[in-house]
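A.B. asks: Take this structure, written in structure tokens, and hold onto it; I'll ask about it next.
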Amino acid sequence: MLTSEKPALHLLVPPSVQGVAAQHGLTPAHLAYRVGSGPHLFRTQLPATLKGGIMVLEHRGFDGAGQAETFCQEVIRECAVRSFQGLFCDFDIPAVIPVLERAVTLLAPAFQKRSWSLYVPQGYAANAPGAKVVVPTALSGGSLRHHLREAIDAYGLERVALGLQWSCEDFSLPAREGSGVPLSWNELKVLRQRRRPNVYFSNDLCAHYFTYMPTGESPHFVLFDDAESMAKKLDLAREMGIREAFLPYPEPPELLPALLSGKGKETP
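Counting in the working numbering, the sequence shown tops out at residue 276, every number present.
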């Protein structure tokens with residue numbers, strides 16, 4: 009299914025860079041909320057005048073105890089006061105927590121009644137039939153196209169949103185666990201300057217990669233994203249008819265204008 013426009017981008021932004029999304033004409037998704045003990049809604053300090061965008065809710069450190077009803081009322085009240093247009097439940101997978109399953113079940117009809125959007129991870133999709141399902145793009149194997157096709161077949165095209173990730177990992181081969189050591193952008197830069205590897209692009213993963221061989225160690229495989237690979241992921245989403253995507257604020261920040269301008273090139 010070919011569409012003429014790339015998915016609408018929701019930029020995941022911390023409170024320190026709240027204005028960046030508006031500067032680029034993107035919807036801000038505010039990284040300022042978490043599920044605290046109780047459960048209760050915890051928030052960082054936000055300007056009293058801040059209105060609009062999407063609440064992003066994570067659950068780092070939550071013990072899983074308590075009931076969901078009062079917590080859901082707090083979430084709905086905050087969204088109404090801030091004029092948020094939606095909520096992204098950024099809950100880690102596979103650690104599905106029963107009280108959060110209950111919260112998602114309660115929030116789905118409440119949000120639908122108010123014409124707000126609810127976004128959930130795949131592990132919580134069954135608890136909120138009307139919610140949109142955020143499908144991550146960072147893969148270490150297989151095919152991103154196949155991964156997205158499976159999600160579309162499972163949830164329906166209208167429910168699928170893209171969960172973009174500025175992925176950068178160093179895998180020691182053989183990588184039986186399917187995960188590597190995360191690298192910062194600066195660590196990647198230093199590694200490439202030291203090793204001078206040939207960099208290739210994987211059409212299946214929509215990401216760049218290279219290999220290197222440390223002295224006395226097993227081979228290493230590095231997989232990473234930049235503005236070019238992110239643009240290709242968005243092109244794939246457009247081709248498949250996916251209409252929304254969440255984009256984390258990148259490290260370094262200059263990757264964002266490079267991506268949005270359509271002039272992103274593979275990082276030298």
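Ideal placement from N, C-alpha and C gives every residue a C-beta, glycine not left out.
Quick check on the DSSP output: the beta strand (DSSP E) that includes M221 runs from which residue to which?
C.D. replies: Where M221 is concerned, there is no enclosing beta strand (DSSP E), given that its DSSP letter is neither H nor E.
A.B. asks: By a C-beta neighbour count over all protein chains shown, 10 Å radius and 16 as the cutoff for buried, is G27 buried or exposed?
C.D. replies: Result: exposed.
A.B. asks: Take M63 as the anchor and find which of L20, A16, A116 has the nearest alpha-carbon.
C.D. replies: Nearest of L20, A16, A116 to M63, Cα basis: L20.
A.B. asks: May I have a chain-ordered list of the beta strand (DSSP E) segments no shorter than 3 residues that lie completely inside the region 192-260?
C.D. replies: Whole beta strand (DSSP E) segments, 3+ residues: 208-210, 215-220, 228-232, 252-256.
A.B. asks: Once DSSP output is grouped into helix, strand and coil, what is the label at E66?
C.D. replies: In the structure shown, E66 sits in a strand (DSSP, three-state: E or B).
A.B. asks: For the region 158-173 and the region 190-197, state whether three or more C-beta atom pairs, one from each stretch, are separated by less than 8 Å.
C.D. replies: No, because fewer than three Cβ pairs between the region 158-173 and the region 190-197 fall closer than 8 Å, the two stretches do not touch.
A.B. asks: Just the Cα atoms here: how many angstroms apart are G60 and H155?
C.D. replies: About 32 Å.
A.B. asks: Output needed for A258: all residues of its chain with C-beta closer than 6 Å, excluding positions within five of it in sequence on either side, in chain order.
C.D. replies: Checking the displayed sequence, the identity of residue 258 turns out to be Pro instead of Ala. These residues qualify, in order along the chain: W174, L264.
A.B. asks: Can at least three beta-carbon pairs, one atom from the region 85-92 and one from the region 129-140, be found at a separation below 8 Å?
C.D. replies: No contact exists between the region 85-92 and the region 129-140.
A.B. asks: Measuring straight from C-alpha to C-alpha, what distance separates G46 and F119?
C.D. replies: Roughly 22 Å separates the two Cα atoms.
A.B. asks: With Y163 as the anchor, note down where its alpha helix (DSSP H) starts and where it stops.
C.D. replies: Start and end: 152-163.
A.B. asks: Taking just the CA atoms, how far does S24 sit from G249?
C.D. replies: Those two C-alpha atoms are separated by around 33 Å.
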